[in-house]
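Asks:
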Amino acid sequence: MEDRPLSIRARKKVKAQVEKAERDRLMRLFQRRMELARSGAVFFRDGKLKEALQNYFGYLEVLEKTKGIAKGKLEPGHFDLKKDIAEMLLLSGIFWDLSKLHDRAKQKDLDKLQYYLNRFVMFSKGMPYQHVASELVRKYLLNGLPKNRKEFKDAHIKLGGGSCFIATAVEDYCDPTTLDDLRYFRDEYLLSRGWGRQFVRVYYRIGPTLARGVLRTPEAFQRLLAHTFDRIAKLT
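Taking this note's numbering, the leading residue of the sequence shown gets 39, the next gets one more, and so forth.
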């Protein structure tokens, strides 16, 4: 009869030891990830792109090992949106850096660029920091930095692009103030009216698809569309 309580205590002790060992393992993996992420960011800042890639890839490898998933299969569903939001923000930033690294690469690989841009969008859209992510892409485009401009414009549209999806698609040909004028018209006029709010809701659903279609049209059509938006903006 005395062996049973001892057995229960022994099992509890073993269970506690196993749980502690697992917590310690996860903490070591977390610390390793943070070390790799910090090193990658420093190398990227200093223009040491090869070293930045190595550290960022190392970070992703450790994270995939921690989550127990296959290489290249990270998705937001693998994270707790409350507990893991900080690391999701970090991951979004890493995918953004990797997108720029592949955009600048001497040997072009559009598939890899598209993969990292898609992951950047995936880990940014619907998150509290979505607007910040959208602004990163907007400024990258505004400064004329991307070599693969179409891919980055598509990412900007997917992230909302200020929600003026079609105008964002042709902003290269618009007057500098057009997008701001259209957003002001949306906020001050459309959203203050019932029919306007309904229009905006429908547009938010179909706008990204329409905008991606516009990106595939000839430049002459995009310029004509931009001119139309310029004229509309002047009427607001």
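Think of the CB as a built atom: it goes at the ideal place given N, C-alpha and C, for glycine as much as any other residue.
(1) Is the separation between the beta-carbon of TYR178 and that of LYS146 shorter than 9 Å?
(2) For LEU127, which of ARG142, GLN168 and ASP62 has the nearest alpha-carbon?
(3) Write down the C-beta distance between VAL208 and LEU248 rounded to the nearest angstrom, noting that I regard them as a contact closer than 8 Å.
(4) Quick one: Cα of LEU229 to Cα of ARG187, how far?
(5) Do you know how far the Cα of ILE107 is from the Cα of ARG250?
(6) Verify whether the separation of the beta carbon atoms of SER162 and LEU119 is less than 9 Å.
(7) Under 8 Å by Cβ, that's how I've got ARG61 and LEU101 pegged, so tell me the actual separation to the nearest angstrom.
(8) Which same chain residues, not among the five before or five after CYS202, have their C-beta less than 7 Å away from its C-beta?
(9) Cutting at 7 Å between CB atoms, please list the residues of its own chain near PRO184, excluding the five before and the five after it.
(10) Rounding to the nearest angstrom, what Cα-Cα distance links ASP26 and LEU253 in this structure?
(11) Counting C-beta neighbours from all protein chains within 10 Å, is the total for LEU155 16 or more, i.e. buried, or is it exposed?
(12) What are the boundary residues of the alpha helix (DSSP H) that includes PRO246?
(13) On the CB-based measure, 16 or more other CB atoms within 10 Å of its CB, does GLY115 come out buried or exposed?
(14) Is it buried or exposed for PHE267, if we count other Cβ within 10 angstroms and need 16 for buried?
(15) Do LEU98 and LEU87 come within 9 Å of each other at the CB atom, strictly closer than that value?
(16) Residues in its own chain within less than 8 Å of ASP213 by CB, not counting five upstream and five downstream?
(17) Please give the ranges of any beta strand (DSSP E) in the segment 126-173, keeping only runs that are unbroken, at least 3 residues long and fully inside the region.
(18) Using the rule of at least 16 other Cβ atoms within 10 Å of the residue's Cβ for burial, across every protein chain shown, is ASN93 buried or exposed?
(19) First and last residue of the alpha helix (DSSP H) that includes ASN93?
(20) Among residues of its own chain, excluding the 5 on either side of LYS105, which ones have a beta-carbon nearer than 6 Å to its beta-carbon?
(21) Check GLY110 in the structure and name its three-state DSSP category.
(22) Excluding the five sequence neighbours on either side, which residues of its own chain have a C-beta within less than 7 Å of the C-beta of GLU173, listed in chain order?
(23) Can you give the Cα-Cα distance for GLY85 and GLY232, rounded to whole angstroms?
(24) Suppose you measure from the CA of ALA205 to the CA of ILE244; what does that come to, to the nearest Å?
Replies: To lay it out plainly:
(1) Walking along the sequence shown from the start, residue 178 turns up at place 140. Walking along the sequence shown from the start, residue 146 turns up at place 108. Cβ distance not < 9 Å, so TYR178 and LYS146 don't count as in contact.
(2) Taking the sequence shown and counting its residues from 1, the one referred to as residue 127 is at position 89. Nearest of ARG142, GLN168 and ASP62 to LEU127, Cα basis: GLN168.
(3) In the sequence shown, the residue the question calls residue 208 occupies position 170. In the sequence shown, the residue the question calls residue 248 occupies position 210. Not a contact, Cβ separation roughly 11 Å.
(4) Taking the sequence shown and counting its residues from 1, one reaches residue 229 at position 191. Taking the sequence shown and counting its residues from 1, one reaches residue 187 at position 149. Roughly 32 Å between the two C-alpha positions.
(5) Here residue 250 refers to the residue found at position 212 when the sequence shown is read from its first residue. Here residue 107 refers to the residue found at position 69 when the sequence shown is read from its first residue. ARG250 and ILE107: Cα-Cα distance of roughly 32 Å.
(6) If you number the sequence shown from 1, residue 162 lands on position 124. If you number the sequence shown from 1, residue 119 lands on position 81. No, these two residues do not count as a Cβ contact at 9 Å.
(7) The residue you call residue 61 lines up with position 23 of the sequence shown. The residue you call residue 101 lines up with position 63 of the sequence shown. With 8 Å as the limit, ARG61 and LEU101 do not qualify as a contact, their Cβ atoms being about 17 Å apart.
(8) Translated into the one-based positions of the sequence shown, residue 202 becomes position 164. Residues LEU217, LEU220 and ARG221 of the same chain have their beta carbon placed closer than 7 Å to that of CYS202, with the five preceding and five following residues left out of the count.
(9) In the sequence shown, residue 184 corresponds to position 146, counting from 1. Spatial neighbours of PRO184 in its own chain (CB-CB distance under 7 Å, excluding positions within 5 residues in sequence) are listed in chain order as ASP141, TYR178 and PHE190.
(10) There is no way to answer for residue 26, as the model of the chain reaches only from 39 to 274.
(11) Taking the first residue of the sequence shown as position 1, residue 155 is located at position 117. Buried.
(12) On the sequence shown, residue 246 is found 208 positions in, with the first residue counted as 1. Run containing PRO246: 232-253, per the alpha helix (DSSP H) assignment.
(13) Within the sequence shown, residue 115 is the residue found at index 77, counting from 1. Under this definition GLY115 is an exposed residue.
(14) Counting from one through the sequence shown, the residue named residue 267 turns up at place 229. Buried, because 16 or more other Cβ atoms sit within 10 Å of the Cβ of PHE267.
(15) To locate residue 87, count along the sequence shown from 1; it is residue 49. To locate residue 98, count along the sequence shown from 1; it is residue 60. No, the Cβ-Cβ distance between LEU87 and LEU98 is not below 9 Å.
(16) Here residue 213 refers to the residue found at position 175 of the sequence shown. Here the set comprises ASP268 and ALA271.
(17) Counting only runs of 3 or more, we get nothing.
(18) What you label residue 93 is simply residue 55 of the sequence shown in a count that begins at 1. Taking all protein chains shown into account, ASN93 has 16 or more neighbouring C-beta atoms within 10 Å of its C-beta and is therefore buried.
(19) Counted from its first residue, the sequence shown places residue 93 at position 55. First-last of the alpha helix (DSSP H) with ASN93: 87-105.
(20) Position 67 of the sequence shown holds residue 105. Same-chain partners within the cutoff: HIS116.
(21) Locating residue 110 in the sequence shown gives position 72, where the first residue counts as 1. In this structure, DSSP gives GLY110 a state outside helix and strand, which the three-state scheme calls coil.
(22) Indexing the sequence shown from 1 puts residue 173 at position 135. Closer than 7 Å at the Cβ level, and outside the excluded window around GLU173, lies no residue.
(23) The residue you call residue 85 lines up with position 47 of the sequence shown. The residue you call residue 232 lines up with position 194 of the sequence shown. GLY85 and GLY232 have their C-alpha atoms spaced approximately 51 Å apart.
(24) Residue mapping note: residue 205 aligns to position 167 of the sequence shown, counting from 1. Residue mapping note: residue 244 aligns to position 206 of the sequence shown, counting from 1. Cα to Cα, the separation comes out at about 14 Å.
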